[in-house]
Every structure is written in structure tokens, then in C-alpha cells.
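S.K.: Attaching a single structure in C-alpha cells format; questions to follow.
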Amino acid sequence: MLNLKILSVICGIELVGAIGNVMGVAAANEILLGGTCLLAGYTVYLGTENFQKKTCPECKSKIRKAYRICPECGHLFQKGLSEEQLTDVIEKEKEDDMSSEQIDRVFEKVDTLSIEEIKAYDSELDDFLRK
């Protein structure tokens, strides 16, 4: 209904420009040009609007494609990821964002941490055996 009102207003602007042109009004051509630009822009908007929408299978309402849950009826479009899958996705994204040098530094930290833990455990074991 709103689309029809907007198109009616744009056609009204076009009509005013056409009547002004017939009557010899100086600004009539600018009004016609403005109305034509509005009409073309709104037509493109209406054409692309459907690309950004999907239909809910439960309530048949049109909603944004980005929605995972229908705001009208609560239908769940896709289940969430499991904890393992989510962890894998996050780690993959981090790896994609990291350079090879950054990845090497992370592994060096792990190696260093492991060696330090082994040395600490080894010294605790020596202390225990000496008692």
C-alpha cells in the first residue's frame, strides 16, 4: 500500500511538470526531470528490495535474508553451530587473518611454555626424590 502511495506522489510530480510544460512555465522541465529521476530511482529500489528478502515457510511473511529467526512467528531458519564447529570457525578466521610470522610466534610461545612447564615439573620431581 505504501508503494502505491509513493508511486502516486511521483506520478503527481510528473503530472505537475507536464501541465507546467504545456502552460509554458520555466521550471516545468526541471520538475519533469526531477520526477523522472525519482521514478527511475524508486523503480530500481523496488527491484533490488526483493533480493534482500526471504519468505518464512511458517507464516509466509517477507523478512530480511540475514535473519535466522522470523520476527513474526519465531521460526528458526537454521540451527546454530555446535561448540566444536564454532571453535573451528573462529580458529580458521584467526588463521586467515594472521601472517605466517604471527603463526610462527604463536607456536614458539607454545614451545617455550611447554619447556618451562617441563623444567618446573622436573625440579619439583627432583625435590620430591631428594626428600
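The sequence shown runs 125 to 255 under this note's numbering.
Each residue gets a CB set at the ideal place from its N, CA and C atoms; glycine is no exception.
As the structure is a prediction and not an experimental result, all values here were calculated from the model.
#1: Among Y169, A151, K178, which residue has its Cα nearest to the Cα of E138?
#2: Under 8 Å by Cβ, that's how I've got I155 and G136 pegged, so tell me the actual separation to the nearest angstrom.
#3: What's the C-alpha gap between E207 and I214?
#4: Going residue by residue through the region 151-194, where are the continuous alpha helix (DSSP H) segments of at least 4 residues, counting only ones entirely within it?
#5: Quick check on the burial criterion: 16 or more other C-beta atoms within 10 angstroms. Buried or exposed for I187?
#6: Return the CA-CA distance between L249 and T236, expressed in angstroms with no decimal places.
#7: How would you write the range of the alpha helix (DSSP H) that S132 sits in, first residue to last?
M.R.: Well, looking at it:
#1: A151
#2: I155 to G136, Cβ: 11 Å. No contact.
#3: 11 Å
#4: 152-173
#5: buried
#6: 20 Å
#7: 126-147
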